[in-house]
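Student: Handing you this structure, nothing more for now.
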Amino acid sequence: MFPMNLRSSPKPTGNALLARLGLGAADVDVVPAVRGHVLWEPDVQLETAVFPLSGMVSLVVSTEDGRSAEVATVGREGAAGVTPGLRPVPSFARAVVQIPGDMAHLDLARLRELAQSNDALGEVLDHWREVLLRQVMQGAACNALHETPERAARWIAMTRDRTDGDDLPLTQEFLAEMLGVNRPTVTLAAQDLAARGLIEYRRGTIRILDRDGLEGAACDCLRAGRAAYRQLLGA
Ligand SMILES: [Zn+2]
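Its first residue numbered 5, the sequence shown is counted upward by one per residue in this note's numbering.
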């Protein structure tokens, strides 16, 4: 399944976590979401978990000076809004759709009911929350310790894991926001990756030319994230 084996996944869409929970189309509401769609703002009561069937959701934290940075990425391997105990709590990060796709919505109350009647299901959701926590922890270390080009390579490779093609609809401005760096810094990083023949950048699209090379250029946080998923949710 995801994300380590996505490279050979025969299934272009579908959510690996939903599949692990044994839930199907009848259990969820599928809503298509365009790029930039805000699933929720900070400080709203979370009552629905969102499982991307395709596309990608970013959890973004803004600071008081108006800047923001992505703190976690959720694609078809997981879900956003899986709260502790599957109970409603106020949101902390903004959840915004970065790569458009179909989003499966499932009420937390329903999910809680399912988890209460099935320990294994509750455990899968606990493990997913731990995977997400590890992603955030890895990201904190990555932001503090690693340089922008390797972080950019990691981010693009992570995005590629969650999508189906080598063309990613990402502007440099957006990439800068995701990495929490200014635009000139991200431009230099993109130029560096392009000069090495790993990506090509044009008008709001990043095309991956050499996926293996890109992964090689990424810091080891890319592999750590994949390993966390594998360890807790299996391949
Ligand atoms: Zn890193």
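Ideal placement from N, C-alpha and C gives every residue a C-beta, glycine not left out. Bear in mind that the values here come from a model prediction, so they are computed numbers and not experimental data.
If I measure Cβ to Cβ from H41 and keep anything under 6 Å in the same chain, skipping five residues before and after, which residues do I get?
Tutor: V101
Student: If we ignore side chains and look at the alpha-carbon of each, how far apart do E45 and R155 end up?
Tutor: Here the C-alpha atom of E45 lies approximately 26 Å from the C-alpha atom of R155.
Student: With 16 other CB atoms within 10 Å as the buried threshold, where does S95 fall?
Tutor: buried
Student: From the DSSP output, in three-state form, read off S66 for me.
Tutor: strand
Student: Which value, in whole angstroms, describes the spacing of the CA atoms of R138 and W132?
Tutor: Distance between the alpha carbons of R138 and W132: 10 Å.
Student: Does the distance from the C-beta atom of L213 to that of R158 stay below 7 Å?
Tutor: no
Student: Report yes if the CB atom of A231 is closer than 7 Å to the CB atom of L202, and no otherwise.
Tutor: For A231 and L202, no; Cβs fall outside 7 Å.
Student: Looking at C-beta atoms only, is the number of pairs between the region 75-91 and the region 30-38 that lie closer than 8 Å three or more?
Tutor: no
Student: When we look at the beta-carbon of L129 and count the other beta-carbons within 10 Å, is it buried (16 or more) or exposed?
Tutor: buried
Student: Report the start-end ranges of each beta strand (DSSP E) in the region 41-110 that is 3 residues or longer and not cut off at the edges.
Tutor: 42-44, 52-56, 60-66, 72-78, 98-103
Student: From the DSSP output, in three-state form, read off A148 for me.
Tutor: If DSSP states are grouped into helix, strand and coil, A148 belongs with the helices.
Student: Note down, one range per segment and in chain order, each alpha helix (DSSP H) of at least 4 residues found wholly within the region 170-205.
Tutor: Runs found: 176-183, 187-199.
Student: Using CA coordinates, which residue listed in R166, T189, G229, E204 is at the minimum distance from N19?
Tutor: R166
Student: For G184, does the count of other Cβ atoms within 10 angstroms reach 16, so buried, or fall short, so exposed?
Tutor: buried
Student: Relative to ligand 1, is the shortest distance from any of its heavy atoms to the C-beta of H109 smaller than 6 Å?
Tutor: Outside the cutoff, so no.
Student: Report all residues from its chain with a CB closer than 6 Å to the CB of G217; omit the five preceding and five following residues, and keep chain order.
Tutor: Hits under 6 Å: L202.
Student: Grab me the residues of A161's own chain with a C-beta within less than 7 Å of its C-beta, minus the 5 sequence neighbours each way, in chain order.
Tutor: L218, E219, A222, L226
Student: What distance in whole Å lies between the Cβ atoms of M107 and L57, which are believed to be in contact at a cut-off of 8 Å?
Tutor: 7 Å
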